[in-house]
Amino acid sequence: MNVRIAKNSGFCFGVKRAIKIALITSTENHEIVTLGPLIHNPQMVAKLEEEDIIKVDSIDQINKRPTIIRSHGVKKEILDELIKNDIEIINATCPYVSKTQDYAQSLSEDGYELIILGDRNHPEVEALRSYVEQEVTIVANADELGDKQFKKVGIISQTTRRVEDLQDLVTKLVTRCHEMRVINTICNATTIRQNSTLELAKESDVMIVIGGKNSSNTKMLAKICESLVKTHHIEIADEIDDKWFKHKQNIGLTAGASTPDWVIVEVYNKILECIGNINKIDNIEDIPGFKEE
Ligand code: SF4
Numbered sequence: 238m239n240v241r242i243a244k245n246s247g248f249c250f251g252v253k254r255a256i257k258i259a260l261i262t263s264t265e266n267h268e269i270v271t272l273g274p275l276i277h278n279p280q281m282v283a284k285l286e287e288e289d290i291i292k293v294d295s296i297d298q299i300n301k302r303p304t305i306i307r308s309h310g311v312k313k314e315i316l317d318e319l320i321k322n323d324i325e326i327i328n329a330t331c332p333y334v335s336k337t338q339d340y341a342q343s344l345s346e347d348g349y350e351l352i353i354l355g356d357r358n359h360p361e362v363e364a365l366r367s368y369v370e371q372e373v374t375i376v377a378n379a380d381e382l383g384d385k386q387f388k389k390v391g392i393i394s395q396t397t398r399r400v401e402d403l404q405d406l407v408t409k410l411v412t413r414c415h416e417m418r419v420i421n422t423i424c425n426a427t428t429i430r431q432n433s434t435l436e437l438a439k440e441s442d443v444m445i446v447i448g449g450k451n452s453s454n455t456k457m458l459a460k461i462c463e464s465l466v467k468t469h470h471i472e473i474a475d476e477i478d479d480k481w482f483k484h485k486q487n488i489g490l491t492a493g494a495s496t497p498d499w500v501i502v503e504v505y506n507k508i509l510e511c512i513g514n515i516n517k518i519d520n521i522e523d524i525p526g527f528k529e530e
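To get the numbering used here, take the position in the sequence shown, counting from 1, and add 237.
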């Protein structure tokens, strides 16, 4: 049996940066908080709590402690309230997410009716939406547009969507508006991970997708795999069932941009155990197929 991992699996630039900022800040302070989870991975959030980096869910719970803004950003009105309450802010919003917020604002100021491709309940999209005063249309796919007609539209995307869905949306809108401006705000880390995962899924008999059940980019990887092969989305090694690998020759692994290396290594070792391989590894670099580009 072969067990391989998709290239570029695991932490992306924005997540590594947010964790680094949080850890550096925590060494300089007794206790700091993150407003909402710093990243969408419960195991990493629990690990950060051990370093006194505590997740809170509302401004009332901050108690004047220095506050890290998570990688996906927060709503503009929340930032304003933190400033008003004189709370020290450490902004770990991913620069690609900040850039998307800037685009939302500038498109709106230039008179474009904004359309966001994304999940309306995701914190990144909620934050994006808050940078625009006018009405915003949020769709998860082109079909959700219905029969709506537009005059002058600006289109942006949640950073973790599929480029094919953005293309589809643009194609459907061409005949429904007089003027269109499209900014591809899907981040490169997302596209690279999706493509590597797709390639591996095509060559695998079963795919294991590792990452937070609340992680948008991990769920998207699972969706891509599910369209091709039997797929299991798990957060930790204990969820693995050895029956999944019965009569399977090629086992594929992939992990979302917020999945820590140690979780991926634990999953890989557990799969080896399930298929009767007594070898164990300590580093993600030792998993066949792993490559960071
Ligand atoms: S997936 Fe992209 S936008 Fe999101 S945190 Fe990572 S690098 Fe930033």
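C-beta: ideal position from N, C-alpha, C; glycine also. The structure displayed is predicted, hence computed values, not measured ones.
| Query | Result |
| --- | --- |
| Cutoff 7 Å; reference residue 285; Cβ partners in own chain excluding five residues on either side | 259, 275 |
| Short Cβ contact (8 Å threshold) for residue 304 with residue 290 | no |
| Collapsed DSSP secondary structure at residue 251 in the structure displayed | helix |
| Where residue 292 sits in the DSSP three-state scheme | strand |
| Proximity to residue 427 [Cα-Cα], best of 450, 451, 455, 272 | 455 |
| Cβ shell of residue 313 (< 7 Å), same chain only, five flanking positions each side left out | 367, 368 |
| For residue 417 and residue 373, believed in contact at Cβ under 8 Å, the rounded distance | Their Cβ separation, rounded to whole angstroms, is 16 Å, which puts residue 373 and residue 417 out of contact at 8 Å. |
| Near the ligand SF4: residue 282 beta-carbon under 7 Å from a heavy atom | no |
| Top-ranked residue by Cα proximity to residue 420, from 469, 343, 412 | 343 |
| Member of 452, 491, 239 whose CA lies at the smallest distance from the CA of residue 532 | The requested residue 532 does not occur in the structure, where the chain is confined to residues 238 to 530. |
| Status (buried if at least 16 other CB within 10 Å, exposed otherwise) for residue 411 | exposed |
| Secondary structure of residue 450, DSSP reduced to three states | coil |
| Complete beta strand (DSSP E) runs within the region 396-443 (minimum length 3 residues, chain order) | 416-419 |
| Separation of residue 406 from residue 252, as counted between CA atoms | 28 Å |
| Contiguous beta strand (DSSP E) assignments of at least 3 residues, all confined to the region 311-366 | 326-328, 350-354 |
| For residue 257, three-class secondary structure by DSSP | helix |
| Start and end residues, beta strand (DSSP E) containing residue 239 | 239-242 |
| For residue 297 and residue 249, the rounded distance between their alpha carbons | 31 Å |
| Any 3 or more C-beta pairs closer than 8 Å across the region 469-489 and the region 439-450 | yes |
| Unbroken alpha helix (DSSP H) run spanning residue 502, endpoints | 498-511 |
| From 278, 288, 281, 318, residue whose alpha carbon lies closest to that of residue 295 | 318 |
| Closer than 7 Å: residue 328 CB and nearest the ligand SF4 heavy atom | no |
| Residue 414 CB to nearest heavy atom of the ligand SF4 below 7 Å | no |
| Distance cut-off 7 Å: residue 511 Cβ against heavy atoms of the ligand SF4 | no |
| Spatial neighbours of residue 481 in its chain, beta-carbon cut-off 7 Å, leaving aside the 5 residues before and after | 443, 469 |
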